[in-house]
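Those protein sequence lines, which keep their order, are chains A and B. Using the working numbering, the letters of the first sequence correspond one by one to residues 65 to 439. Using the working numbering, the letters of the second sequence correspond one by one to residues 21 to 454. The beta-carbon is built from N, C-alpha and C at its ideal position, and this holds for glycine as well. These figures come from a predicted structure and were not determined experimentally. Comments concern the structure below.
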Amino acid sequence: MTAHASPAQPSRPYGRAVRYTFAAAAAIVGYCLILWRVLVIGGALTAGSTIPDAFVQGFTRFDGVAGAFLPQSIQQTVNALSIGSIYALIALGYTMVYGIIELINFAHGDIFMVGAFTSVIFLGGIFGQNGSVENIPFLIFLLAGALIFTMPLIGLLNVAIERLVYRPLRNAPRLAPLITAIGVSFILQNVALVIAGSGDRSAPQIFPLGWQLKFGGASISVLSIFIFSLSMVLMLSLQAFVTRTRLGRAMRATAQDREAAALMGVDMNQTIALTFLLGGMLAAAAGVVWGLRFGYVRQDLGFNSGLKAFTSAVLGGIGNITGAVLGGFVIGFIENFSSSIGQSRWSEFLVFMILTLVLIFKPSGLFGQATGDRA
Amino acid sequence: MTAVARPTTPPPVRSSRTRLRDWSDLHRSTTIIVAMVIVAITMYILPLFPPLTFIQGAGTWYDAFANAGVFVLLAMGLNVVIGMAGLLDLGYAAFFAIGAYTYAYSNSPYSHLDLPFFPMLVVGAFVAAVFGILLGAPTLRLRGDYLAIMTLGFGEIVPIVFLNLDQYTEGTNGIGGIYRPEPLAFTIPFTDFKVFDLGPFSAISPFNYFVVMLGIVTVTMILLYRLQDSRIGRAWNAIREDELAAAANGINTVTTKLLAFALGATTSGLAGVFNASKLTIVSPDQFLFTVSFTVLAMVILGGMGNIWGVAVGAFVVYMIQVVILKNINTVLESIGFPAFTIPGIDLHVDLAKVPFVEFQFLLYGVALVLMMLLRPEGLFPSQRRRQELHIAEEYDDGLGETTDISAVLAEAPAPERDPSSFDLSDDLKSDDLG
């Protein structure tokens, strides 16, 4: 340790995006390897080995059946990425709204739920689909149609909610908009309950689940790859929008300092409405892919997913777009991990513990910068 | 607080109403006891006569009153956290669950224990308080909205833990067959004379529960009022107004907030023990987020920060939920309310078949949003809370259009209060905000 630390930061050869990509790739590879070993141990235990013996095998066996677990763990990883991208899409809405008006929008999870219902109405109600569609052009038409139908609708719903209930409370004491958001969340949930009834409603899984890439005993569903790529496209477009366009610059300026941005001529109401629009659209996209992947929708879908997505946003550093996406993937991995070792009922507990630990020890999030007042 | 010149001569004419208020301000605990006795007598007599007997029998009414008391307790406890200290606790049902499970473990065939009820009230409250401190100690350093999401998560996972640890908690079925409290009868020493003999607690005589509940509510209310007027209560107010300023004035914000949090948990634990002894079963689905949300709606409707307002709000909301929503279909059916068709859109409406009970959370949600928009201080506001909510609104209504706060304060009616009590509006007036 030197006595006089140099004030200059060491220059980094790569930009942030490149570093994050490398980190994410390394995390995925590491996760594959760990999961591979966990599956080997689990397999040995199921085959009747004693616990110490299973652990020895976990570190020594790379042949035969154990070798087949590697493709399986790759399959699990793709699953985790597809679940994670749903959470990431929802988390973006939380993080953007929080970044701009410092409100935890409790209703955002329910916006996602309404998006999932709207997509079901479009695919099942308007187009009468109830099974997989093998005809590729028609499938593309339906998927694009669902997205184009749902996203603006839900985005506008979110904007309308902002206009009606959050804007009048913008300068009220902090508790007021939070409580209002909870109220809105319950209104959305219970309107869905009254209209659709309680319990699961089946959603048309138009994307053929039979499309699988098979190799070495593992089968990776094309749907998961599709979900992952779609989310990546949406997130990259969002990133480009926020960093490259004039409106995006207005958003960033507002997030940094609302008053100063207003003095510089940024239209505050328009910018905030735009944030809600984008957040709602991404949540709607998440709703569409939720229906495709899980095949059901329910009125309380938004509550749990919302909590997990919010955890993702906190994990990545709230207000930080890249962080929210990475946080979403982390949560996806955790959930998938807990279900691959047969303990999916504890996944919510795990996610909550992570939320607690992050908030206590690093409230600025794993990827966020400490901004003093943020936490 | 700088001295503000006050007229020293008392106003010459004092109405009996003013005198009553002054007396009740000085003897608050006595006032509460007197008021609760009046309430108890009213609640005892009313169900015996029409029109209440038409709806349900007297026993059912007492039962409903006792259940409403559980929510009154919950609301008064949450009011300490939200209304007094200004912390948003969304996982309040978790402490309710912890209190209830504590009683279930100490008084059921499951654990082969049969501990006395009244000491267990204290123990359950204490256990809940411990959990409140465990949750609060690390999280209360965080800013308000993070606290909200943390408590929301806590409230969500406590039922999940009770559900998943099925080897210790019987999972979904919950712990059943919880013993009822021992009879209230109190034998005067050296005689056979029994006082207060109401017979054993049972499902068919809910009157005992009603009496016990009234006692618990009275004691809690007295304690909370005393706390509110104490140094701690003023510290809570100060933290709610401006945490930074409170800390600068020497208040240990973390400890004070922790105290509010623990007290809220304590009250919730009390309610949990009572509820478990009354229902004789605890299961995870009694403690879902809807409970926390219901209590939140009660506190907001009653008026954050006003103890009796919150209690009345909780009672009224619970009675609406249980009596009106549940019976509205039966009543409509029995009076033969006709089904009608709205012409034009050809919508057939049969109000007797509308499931009003399913709408209750929708109604709460609407009520919450409307209250926040139109009357954030609640239906029975506390004077201080009303002023601060409205001043905050007018002080900074939009960018660049700042109203002069001294003008707002000059218009606001001067509160009539004991000058020695902590008065925030005076602070604002005399300080340099103008």
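Taking the alpha carbon of Gly97/B as the reference point, which residue from Ala255/B, Gln76/B, Val239/B, Pro201/B has its own alpha carbon closest?
Translated into the one-based positions of the second sequence, residue 97/B becomes position 77. Nearest C-alpha to Gly97/B among Ala255/B, Gln76/B, Val239/B, Pro201/B: Val239/B.
Considering just the uninterrupted stretch of the beta strand (DSSP E) at Ile284/A, what are its terminal residues?
If you number the first sequence from 1, residue 284/A lands on position 220. Per DSSP, Ile284/A belongs to the beta strand (DSSP E) from 282–285.
What residues of chain B sit near Arg409/A, judged by a beta carbon separation below 7 Å?
Here the question's residue 409/A lines up with position 345 in the first sequence. Correct list: Asn184.
With a cut-off of 9 Å, does the C-beta of Ala168/B fall near any C-beta of chain A?
Within the second sequence, numbered from 1, the residue matching residue 168/B stands at position 148. Chain A contact via Cβ: present.
I need the straight-line Cα distance from Gly179/A to Gly366/A, nearest angstrom please.
Translated into positions along the first sequence, residue 179/A becomes position 115. Translated into positions along the first sequence, residue 366/A becomes position 302. The alpha-carbon of Gly179/A is positioned some 10 Å away from that of Gly366/A.
What residues of chain B sit near Val255/A, judged by a beta carbon separation below 7 Å?
Residue numbering aside, residue 255/A sits at position 191 when the first sequence is read from its first letter. The answer, in chain order, is Leu382.
Looking at C-alpha atoms only, which residue of Phe360/B, Gly385/B, Asn349/B, Val54/B is the closest neighbour of Val374/B?
As a first step, residue 374/B is located in the second sequence; it is residue number 354 there, counting from the start. Considering only alpha carbons, the answer is Asn349/B.
Please report the residue range of the beta strand (DSSP E) in which Gln276/A lies.
Mapped onto the first sequence, residue 276/A falls at position 212. Residue range 276–279 is occupied by the beta strand (DSSP E) that includes Gln276/A.
If you pair each beta-carbon of the region 145–152 of chain A with each one of the region 288–296 of chain A, do three or more pairs fall below 8 Å?
Taking 8 Å as the limit for Cβ pairs, the verdict is that the region 288–296 of chain A does touch the region 145–152 of chain A.
What residues in its chain sit with their C-beta under 7 Å from that of Asp437/A, if we drop five residues either side in the sequence?
Residue mapping note: residue 437/A aligns to position 373 of the first sequence, counting from 1. Low per-residue confidence applies at Asp437/A: pLDDT is 39, beneath 50, and the placement is therefore not dependable enough to give any value.
Examine the Cβ distances between the region 162–170 of chain A and the region 305–320 of chain A and report whether three or more of them are shorter than 8 Å.
Between the region 162–170 of chain A and the region 305–320 of chain A, the count of Cβ pairs shorter than 8 Å is three or higher; the stretches touch.
Given 8 Å as the limit, is there contact between the region 242–254 of chain A and the region 97–109 of chain A, that is, 3 or more CB pairs closer than that?
The way I'd put it, the region 242–254 of chain A doesn't touch the region 97–109 of chain A; fewer than three beta-carbon pairs between them come closer than 8 Å.
Between Ser283/A and Ser146/A, what straight-line distance do the alpha-carbon atoms span, to the nearest angstrom?
Start at 1 with the first residue of the first sequence, and residue 283/A comes out as number 219. Start at 1 with the first residue of the first sequence, and residue 146/A comes out as number 82. When rounded, the distance between both Cα atoms is 15 Å.
The alpha helix (DSSP H) enclosing Glu226/A, as first and last residue numbers:
Stepping through the first sequence from its first residue, residue 226/A is reached at position 162. Per DSSP, Glu226/A belongs to no alpha helix (DSSP H) and is neither H nor E.
So, is the C-beta of Leu419/B closer than 9 Å to a C-beta in chain A?
Stepping through the second sequence from its first residue, residue 419/B is reached at position 399. Summary for Leu419/B: the model assigns pLDDT 45, below 50, so the residue's position carries little reliability; its value from the coordinates is reported in the next sentence. It does: the Cβ of Leu419/B has a partner Cβ on chain A nearer than 9 Å.
Beta carbon of Gly391/A nearer than 9 Å to that of Leu430/A:
Position 327 of the first sequence holds residue 391/A. Position 366 of the first sequence holds residue 430/A. Contact: yes.
Is it true that the CB of Gly356/B sits closer than 9 Å to the CB of Phe115/B?
Position 95 of the second sequence, counting from 1, holds the residue named residue 115/B. Position 336 of the second sequence, counting from 1, holds the residue named residue 356/B. Taking a C-beta distance under 9 Å as the contact criterion, Phe115/B and Gly356/B do not qualify as a contact pair.
Where do the N-terminal and C-terminal ends of the alpha helix (DSSP H) with Met315/A fall, by residue?
In the first sequence, the residue the question calls residue 315/A occupies position 251. Where Met315/A is concerned, the enclosing alpha helix (DSSP H) stretches over 310–320.
Bridge-paired residues (DSSP) for Ile195/B:
Position 175 of the second sequence holds residue 195/B. DSSP links Ile195/B through a beta bridge to Val302/B.
Collapsed DSSP secondary structure at Val361/A in the structure displayed
In the first sequence, the residue the question calls residue 361/A occupies position 297. Collapsing the DSSP output to three states places Val361/A in a strand.
Considering only the alpha carbon of each residue, which of Leu279/B, Ala280/B, Trp256/B, Leu278/B lies closest to Asn269/B?
Position 249 of the second sequence, counting from 1, holds the residue named residue 269/B. Out of Leu279/B, Ala280/B, Trp256/B, Leu278/B, Trp256/B has the C-alpha closest to the C-alpha of Asn269/B.
Chain B contact for Glu198/A (CB, 9 Å cutoff)
Walking along the first sequence from the start, residue 198/A turns up at place 134. Glu198/A has a beta carbon lying at 9 Å or more from every beta carbon in chain B.
Range covered by the alpha helix (DSSP H) that runs through Val181/B:
As a first step, residue 181/B must be located in the second sequence, where it is residue number 161. Counting along the chain, the unbroken alpha helix (DSSP H) around Val181/B starts and ends at 164–184.
Can you give the beta carbon distance from Leu316/B to Gly156/B, rounded, assuming they're within the 8 Å contact cut?
Taking the second sequence and counting its residues from 1, one reaches residue 316/B at position 296. Taking the second sequence and counting its residues from 1, one reaches residue 156/B at position 136. About 18 Å separates the two Cβ atoms, so there is no contact after all.
Which first and last residues belong to the alpha helix (DSSP H) in which Ala387/B is found?
Residue mapping note: residue 387/B aligns to position 367 of the second sequence, counting from 1. Counting along the chain, the unbroken alpha helix (DSSP H) around Ala387/B starts and ends at 380–394.
Compare the C-beta of Thr244/A with all C-beta atoms of chain B and state if any pair is closer than 9 Å.
On the first sequence, residue 244/A is found 180 positions in, with the first residue counted as 1. It does; some Cβ of chain B falls within 9 Å.
Hey, could you find the ends of the alpha helix (DSSP H) Asn257/B is sitting in?
Here residue 257/B corresponds to residue number 237 of the second sequence, with the count starting at 1. Counting along the chain, the alpha helix (DSSP H) containing Asn257/B begins and ends at 251–261.
Using beta-carbon positions only, say whether Gln269/A and Arg362/A come within less than 9 Å of one another.
As a working mapping, residue 269/A is identified with position 205 in the first sequence. As a working mapping, residue 362/A is identified with position 298 in the first sequence. Going by C-beta atoms, Gln269/A is not nearer than 9 Å to Arg362/A.
Under 8 Å Cβ-Cβ, which residues of chain B neighbour Thr318/A?
Taking the first residue of the first sequence as 1, we reach residue 318/A at position 254. Neighbourhood of Thr318/A in chain B, by CB distance below 8 Å: empty, with the nearest CB roughly 12 Å away.
In three-state DSSP terms, what is Ser266/A?
The sequence position of residue 266/A within the first sequence is 202, counting from 1. Strand at Ser266/A.
Taking three-plus beta-carbon pairs below 8 Å as touching, is the region 283–299 of chain B in contact with the region 157–164 of chain B?
Two segments are said to touch when three or more pairs of C-beta atoms, one from each, lie closer than 8 Å; by this definition the region 283–299 of chain B does not touch the region 157–164 of chain B.
Given that Glu412/A touches chain B, what residues does it touch there, using C-beta distances under 9 Å?
Here residue 412/A is taken as the residue at index 348 of the first sequence, counted from 1. By Cβ distance, chain B contributes Gly173, Glu176, Ile177, Ile180.
Where does the unbroken alpha helix (DSSP H) through His172/A begin, and where does it stop?
Counting from one through the first sequence, the residue named residue 172/A turns up at place 108. Unbroken alpha helix (DSSP H) run through His172/A: 172–184.
Classification of Arg260/B by the beta-carbon crowding that lies within 10 angstroms, buried from 16 upward
Your numbering for residue 260/B matches position 240 in the second sequence. By the neighbour-count rule (16 or more Cβ atoms within 10 Å), Arg260/B is buried.
Rounded to whole angstroms, what's the CA-CA distance from His132/B to Asp117/A? Just pull it up for me.
Your numbering for residue 132/B matches position 112 in the second sequence. Your numbering for residue 117/A matches position 53 in the first sequence. In a straight line, the C-alpha of His132/B is about 40 Å away from that of Asp117/A.
Who are the near neighbours of Phe376/B in its chain, counting only those whose CB is closer than 7 Å to its CB and skipping five residues on each side?
For the purposes of this step, residue 376/B is taken as residue 356 along the second sequence, with counting starting at 1. Listed in chain order, the non-local C-beta contacts of Phe376/B below 7 Å within the same chain comprise Leu345, Ile348, Asn349, local neighbours out to five positions each way being set aside.
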